[in-house]
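K.L.:
One structure follows; several queries about it will come next.
Numbering (our numbering), first residue to last: 65 to 965.
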């Protein structure tokens with residue numbers, strides 16, 4: 065029975081047909097109760113009329129509905145209406161693998177990634193006693209997010225016609241083998257009906273024999289072979305001839321690429337063993353092979369690229385020579401391991417059209433020491449990943465990595481994990497495919513273990529999580545144990561066993577007292593290893609590289625026992641530069657190459673831009689690294705803060721814009737930053753850590769006078785953001801909910817602050833409208849940061865202002881516009897109309913923000929707007945490409961022969 069669009073089946077409204085197969089017609093439908101899209105598979109009328117088969121199907125479907133896995137399309141339930149029986153299933157968008165294979169074989173990395181996820185799905189089903197019985201490319205969906213979904217688990221058995229009256233002759237009429245029905249008939253008799261699709265059946269299925277999980281192992285091997293070669297392994301003109309091929313034709317492995325790793329060839333041979341007693345017995349063994357680092361057989365050398373000399377000339381012969389020497393050193397290491405090549409240092413300072421974003425956590429050297437990945441900021445304002453092959457002159461941009469932060473390598477040196485747009489993602493350097501792994505709203509570092517598990521920091525607060533490289537739901541890997549001593553765990557680093565890992569606990573206020581712990585995926589108590597301000601990394605054959613007084617040191621470390629030995633040995637490298645507290649100290653390869661970020665910021669200028677982004681003036685200031693410019697309510701002064709040589713010290717400044725006279729207001733050790741003007745301009749609220757945690761204080765804006773705490777509490781992190789009328793709003797990191805927005809009334813000190821926005825999402829950058837009635841802020845509740853507006857002081861009326869990603873809202877003094885930063889780092893503005901309610905017009909992108917290369921933190925406010933919105937005060941880097949990455953080809957040489965282990 066066919067269903068027309070607009071008709072209903074119970075609570076489901078039929079939208080459109082999706083396809084038809086041997087198990088019925090499938091429709092796209094809308095669940096009117098849960099407001100979601102689903103797939104409806106309407107069962108054939110002959111099937112639905114057979115009471116015995118229907119009862120057996122319902123029993124099987126109930127079992128299948130319990131099968132939950134990120135790589136398996138879920139069954140939601142059964143529906144019956146007006147004699148129509150249907151199966152309600154998860155709607156999986158994307159093309160199926162059969163469609164993809166029409167364009168040819170998959171690249172090796174992509175094929176293995178798909179195979180890993182298929183194997184993971186099969187393993188889960190087999191553990192529950194469920195056999196797919198009809199695994200084929202048409203039953204494997206590739207979603208737009210890069211995930212694999214296996215469809216129709218167990219439905220072949222559930223729809224077994226053995227007890228019914230279906231005509232085997234009818235079932236045998238199949239237009240193509242690739243789309244042959246799930247129930248294939250031979251010999252024209254009902255006893256000849258067998259379950260499965262001919263080209264992917266196991267030999268025992270083809271004979272009509274008993275079937276167990278080893279049939280899925282065979283089908284898995286057939287599908288993997290087809291992904292690698294682009295051709296069906298068994299294809300003939302008729303179903304009968306195809307089945308004969310399954311039973312007798314010699315399997316031809318000559319179609320496999322020469323780059324196919326030997327372990328994959330051996331895996332195929334084990335899966336495609338016709339004798340089921342000798343076949344690979346458990347698909348979990350295939351998963352283990354696919355998750356292990358794979359060595360690829362070396363092929364013939366590629367010819368040199370044309371016109372390389374001219375490109376090198378354009379970029380500079382000196383850089384080309386250094387990279388060539390580095391490549392030679394790496395090649396020497398590969399072919400003469402007994403002799404150590406001379407220690408070499410060279411620098412990577414710019415990419416083609418992009419500057420390197422600062423911060424050690426924004427760059428990493430591959431485990432094999434042949435590549436460097438780093439975050440680059442293009443001149444047009446976009447930020448993404450750039451790959452530098454150390455035997456090449458030019459770095460190349462990896463498409464699809466827009467907004468990327470904190471990249472880290474897979475053990476195979478061919479895939480990279482990174483964070484972007486509220487997700488943990490991965491990209492293959494072979495085919496460039498980008499896949500979503502899981503949610504990670506504001507990631508702060510990750511590490512990819514040899515067993516295929518990724519440990520990562522999903523947010524700026526809280527503990528670490530662990531997830532399979534193939535995706536799924538993350539599980540807690542660590543937990544915050546004392547909210548007054550630590551607010552987050554960051555930058556994990558796996559040890560060689562793939563179970564134990566290091567991480568640093570951010571204490572919030574006293575960044576010099578960060579704690580490095582050793583933990584394990586197997587649980588148990590964590591162990592404190594050392595106190596330092598930077599996250600260390602493990603370096604083979606047995607060292608911990610960390611920082612003391614901002615200098616790199618190496619200390620002997622036993623990865624099996626987790627014990628440090630001896631004294632730290634200083635490495636004579638250029639001084640590393642760090643821009644974020646608890647950043648990673650450096651990056652090191654298994655081959656002994658060390659990557660160190662140096663130089664950092666060369667200072668910033670404070671400039672005026674018009675609405676088209678044209679420079680219309682500069683504000684003379686001492687050569688410092690300034691941040692968070694804030695115009696006074698009357699527009700005559702500018703408050704700002706400067707970072708000292710260490711990120712544990714900063715001071716407040718005020719500039720008289722008429723005289724261009726700059727005055728430093730604070731001189732004490734510690735942090736005084738993020739200035740916020742009082743409504744009359746007489747005082748400044750600011751953040752300080754003088755009490756041991758980050759509190760909100762105030763002081764006169766003219767210098768001198770008394771300072772006082774506006775809000776002090778054990779909570780480790782608070783930032784004042786806006787002060788209008790009686791209300792001052794600030795961010796506070798709470799133990800259970802992370803970043804929330806609170807309100808206090810400075811004029812009523814006896815009144816306790818109260819939260820206006822509190823949720824599991826991170827709410828940051830709160831700004832009160834000039835009339836004091838509305839609060840704009842950024843939240844990642846949707847999976848990425850967007851701008852929202854709520855009513856004050858109750859927060860009950862709520863509007864979402866942006867939909868394409870945004871942060872750092874700034875009201876004009878008249879309240880007629882709301883400025884913000886887009887995800888591409890451009891300044892945009894949206895018109896605002898106020899009255900009894902508030903409404904927003906269409907946003908307009910004004911100009912790319914010339915941001916300093918400060919890494920990826922979002923604490924700093926990096927622009928402010930004049931009262932009429934005609935000019936923007938911004939921070940401009942003194943020079944392009946101030947961040948430099950230094951590569952040392954053999955860091956162990958720094959220790960001297962007697963120090964090596």
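In this text, a Cβ means the ideal position worked out from N, Cα and C, and glycines have one as well.
From a predicted model like this one, the values you see are computed outputs, not experimental measurements.
1) Go ahead and label residue 759 buried or exposed: buried means 16 or more other beta carbons lie within 10 angstroms of its beta carbon, across all protein chains shown.
2) So who's on the other strand from residue 472, going by DSSP bridges?
3) Give the straight-line distance between the Cα atoms of residue 347 and residue 136, rounded to the nearest whole angstrom.
4) Please determine, among 437, 535 and 565, the residue with the shortest C-alpha to C-alpha distance to residue 182.
5) State the Cα-Cα distance for the pair residue 310 and residue 552, rounded to the nearest angstrom.
6) Out of curiosity, what's the CA-to-CA distance linking residue 99 and residue 84?
7) Would you please state the rounded distance, in angstroms, between the beta carbons of residue 76 and residue 106? I believe it to be under 8 Å.
8) According to DSSP, which residues form a beta bridge with residue 652?
9) Tell me the DSSP secondary structure of residue 308 in three-state form.
10) What residue range is occupied by the uninterrupted beta strand (DSSP E) comprising residue 767?
11) Where are the alpha helix (DSSP H) runs, 4 residues long or more, that stay fully inside the region 316-366, in chain order?
12) Report the CB separation of residue 897 from residue 868 in whole angstroms; it is logged as a contact under 8 Å.
13) Run through the region 90-125 for me and flag every whole beta strand (DSSP E) of 3 or more residues, listed as ranges in chain order.
14) Can you tell me the Cα-Cα spacing of residue 781 and residue 570, whole angstroms?
15) Entirely within the region 695-759 and at least 3 residues each: give me those beta strand (DSSP E) ranges in chain order.
16) Roughly how many angstroms separate the alpha carbons of residue 771 and residue 750, rounded to a whole number?
17) Out of 322, 281 and 293, which has the shortest C-alpha to C-alpha gap to residue 331?
18) DSSP three-state label for residue 919, please.
19) Starting from the Cα of residue 657, find the closest Cα among 955, 631 and 611 and give me that residue.
20) Is the beta carbon of residue 504 sitting closer than 8 Å to the one on residue 488?
21) Do you know how far the Cα of residue 933 is from the Cα of residue 550?
22) Under a Cβ-count criterion, where at least 16 other Cβ atoms within 10 Å of its own Cβ denotes burial, should residue 217 be classed as buried or exposed?
23) Taking just the CA atoms, how far does residue 494 sit from residue 441?
24) What's the gap between the Cα of residue 775 and the Cα of residue 882?
25) Cβ of residue 334 within 8 Å of Cβ of residue 267?
26) If we ignore side chains and look at the alpha-carbon of each, how far apart do residue 373 and residue 294 end up?
27) Have a look at residue 878 and residue 834 and give me their C-alpha separation to the nearest angstrom.
28) If we count Cβ pairs, one from each stretch, closer than 8 Å, do we get three or more for the region 851-864 versus the region 817-824?
29) Among residues of its own chain, excluding the 5 on either side of residue 122, which ones have a beta-carbon nearer than 7 Å to its beta-carbon?
30) Since I believe residue 718 is in contact with residue 765 (beta carbons under 8 Å), could you give me their beta-carbon distance rounded to a whole number of angstroms?
31) Which residues does DSSP list as the beta-bridge partners of residue 841?
32) Would you kindly work out how many angstroms separate the C-alpha atoms of residue 825 and residue 795, rounded to a whole number?
33) Can you give the beta carbon distance from residue 429 to residue 692, rounded, assuming they're within the 8 Å contact cut?
34) Buried or exposed for residue 732, going by 16 or more other Cβ atoms inside 10 Å?
35) Within 10 Å of its beta-carbon, does residue 188 have 16 or more other beta-carbons around it, so buried, or fewer, so exposed?
36) State yes or no: is the C-beta of residue 150 within less than 8 Å of the C-beta of residue 202?
P.N.:
Short version:
1) The residue is buried, with at least 16 neighbouring Cβ atoms inside 10 Å.
2) Answer is 481.
3) Cα-Cα distance, rounded: 15 Å.
4) The shortest Cα separation from residue 182 among 437, 535 and 565 belongs to 535.
5) Cα atoms of residue 310 and residue 552: separation of roughly 56 Å, rounded to the nearest angstrom.
6) Rounded to whole angstroms, residue 99 to residue 84 spans 25 Å at the Cα level.
7) Actually they are not in contact, since the Cβ atoms of residue 76 and residue 106 sit about 11 Å apart, beyond 8 Å.
8) Among the bridge pairs identified by DSSP, residue 652 is matched with 658.
9) Here DSSP, grouped into helix, strand and coil, assigns residue 308 to helix.
10) Here residue 767 belongs to no beta strand (DSSP E), and DSSP marks it neither H nor E.
11) Whole alpha helix (DSSP H) segments, 4+ residues: 326-335 and 347-355.
12) So it is not a contact: roughly 21 Å between Cβ atoms.
13) Within the region 90-125, the complete beta strand (DSSP E) runs of at least 3 residues are 100-106.
14) Cα to Cα, the separation comes out at about 11 Å.
15) Residue ranges of uninterrupted beta strand (DSSP E) with 3 or more members, entirely inside the region 695-759 and ordered along the chain, are 701-707, 714-720, 725-728, 736-741 and 747-752.
16) Roughly 11 Å between the two C-alpha positions.
17) Residue 281 is the option with its Cα nearest to residue 331.
18) Low per-residue confidence applies at residue 919: pLDDT is 44, beneath 50, and the placement is therefore not dependable, though the value from the model is reported in the following sentence. Here DSSP, grouped into helix, strand and coil, assigns residue 919 to coil.
19) When 955, 631 and 611 are compared, the shortest CA-CA separation from residue 657 is found for 955.
20) Yes, the Cβ-Cβ distance between residue 504 and residue 488 is below 8 Å.
21) Each residue's alpha carbon lies about 41 Å from the other.
22) Here residue 217 is buried, its C-beta having at least 16 other C-beta atoms within 10 Å.
23) Cα-Cα distance, rounded: 23 Å.
24) It is roughly 28 Å from the alpha-carbon of residue 775 to the alpha-carbon of residue 882.
25) No.
26) At residue 373, the pLDDT of 33 sits below 50, so the modelled position is not reliable and the matter cannot be decided from this model.
27) Cα-Cα distance, rounded: 7 Å.
28) Contact between the region 851-864 and the region 817-824 is present, because at least three Cβ pairs lie under 8 Å.
29) Closer than 7 Å at Cβ, skipping near neighbours: 142.
30) Confirmed, about 6 Å.
31) Answer is 852, bridged to residue 841.
32) Computed Cα separation, rounded: 13 Å.
33) That pair is no contact at about 33 Å.
34) Result: exposed.
35) Buried.
36) Not in contact: residue 150 and residue 202 (Cβ atoms no closer than 8 Å).
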